[in-house]
Every structure is written in C-alpha cells, then in structure tokens.
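Below: one structure, written as structure tokens.
Residue numbers (my numbering): 1 to 154.
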C-alpha cells in the first residue's frame with residue numbers, strides 16, 4: 001500500500017458521509033417525515049438530525065482539505081501542476097463549505113429559536129430555507145463527485 005492510499009480512502013469516506021448524508025436527508029428522511037409527522041414533531045426531529053449530522057459534516061470539512069492537499073502534493077508536486085479538474089474540485093469544496101456555514105451559523109440558530117418558542121410557522125419557514133440550501137449543496141456535491149470520478153482531461 002502506498003502512502004497515497006489511506007489519504008484517498010479518507011478523502012472518499014469524508015465525501016460520501018457529507019454528500020450521502022444530504023442525499024439521505026433530502027430524498028428519504030424529509031418525505032417520510034412530511035408523510036407521518038405533524039409540524040412540531042417534524043421540526044424537533046430536524047433539530048436533532050442536524051445536531052448529529054453536522055458533527056460528521058465538520059469532520060468531513062476538516063478531512064477533505066487535509067487529505068486533498070496531501071494527495072495534491074503527492075501526485076502533482078503542488079497546485080500549479082494539478083489538472084484543471086482538481087482546481088474546480090477545490091473551488092466547489094469552498095462553495096459547499098460556504099453553504100454549510102450559512103446553515104450552521106445563520107439558519108440553524110433561527111430554527112432553534114423558533115422551535116424553542118414553539119413558533120411552528122416561523123420554524124417551517126426556516127426549515128424550508130435550509131432545505132433549499134441543502135438541495136443546492138447536494139447538487140454541487142453530486143457534480144463534484146461525478147467530476148472526481150470522470151477526471152476529465154480539460
């Protein structure tokens with residue numbers, strides 16, 4: 001096994017946890033929660049889900065650049081020699097990070113306040129905004145993973 005292999009494995013695992021978690025939340029958990037839970041229970045569920053999932057996202061946020069930069073230096077001797085798709089991947093990571101930070105720093109506290117005050121309409125509105133940001137981040141993450149798998153020669 002080369003020194004590159006564990007970095008690559010950690011990198012892939014971090015990406016799968018983050019993007020896979022968003023896919024599960026968007027495609028499976030959200031529709032099921034809407035089908036069977038009333039708004040108060042649904043909003044409480046999402047607060048609990050975010051609390052647990054965001055721990056893993058923070059780990060991914062740290063692991064991805066560390067392993068990515070490590071692989072970059074092992075494979076290309078730095079950023080300048082890397083193929084363009086690697087540059088695009090790094091840029092998309094920054095976009096995904098910014099969207100996650102928006103949820104974490106701005107929208108999640110709003111949701112928490114709405115739930116604590118039992119303002120269900122306001123909580124639903126905030127959750128709807130979070131859903132849109134997560135949906136955008138999911139699409140970017142899926143595009144990024146597709147780009148990484150294809151490794152286009154541009």
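Every residue gets a Cβ at the ideal spot worked out from N, C-alpha and C, and that includes glycine.
Span separating the alpha-carbon of residue i from that of residue j
i           : j           : result
residue 39  : residue 33  : 9 angstroms
residue 100 : residue 1   : 34 angstroms
residue 17  : residue 142 : 12 angstroms
residue 41  : residue 126 : 15 angstroms
residue 71  : residue 116 : 44 angstroms
residue 77  : residue 83  : 12 angstroms
residue 29  : residue 144 : 23 angstroms
residue 5   : residue 35  : 43 angstroms
residue 46  : residue 80  : 42 angstroms
residue 150 : residue 85  : 9 angstroms
residue 139 : residue 132 : 11 angstroms
residue 152 : residue 118 : 50 angstroms
residue 238 : residue 66  : Lying outside 1 to 154, the shown extent of the chain, residue 238 is not represented and no answer is given.
Option in the options with minimal Cα separation from residue i
i           : options         : result
residue 11  : 70, 64, 51      : 64
residue 3   : 74, 49, 149     : 74
residue 135 : 41, 122, 94, 20 : 20
residue 137 : 83, 103, 118    : 103
residue 52  : 146, 22, 5      : 22
Exposed unless 16 or more other CB atoms sit within 10 angstroms - verdict on residue i
i           : result
residue 96  : buried
residue 91  : exposed
residue 165 : There is no way to answer for residue 165, as the model of the chain reaches only from 1 to 154.
residue 114 : buried
residue 123 : buried
residue 57  : buried
Contact belief for residue i with residue j at Cβ below 8 angstroms, rounded distance in angstroms
i          : j           : result
residue 69 : residue 147 : No, residue 69 and residue 147 are not in contact; Cβ-Cβ is about 18 angstroms, not under 8 angstroms.
residue 49 : residue 25  : 7 angstroms
Heavy atom of the ligand SAH within 8 angstroms of residue i beta-carbon
i           : result
residue 115 : This structure simply doesn't include the ligand SAH, nor any ligand for that matter.
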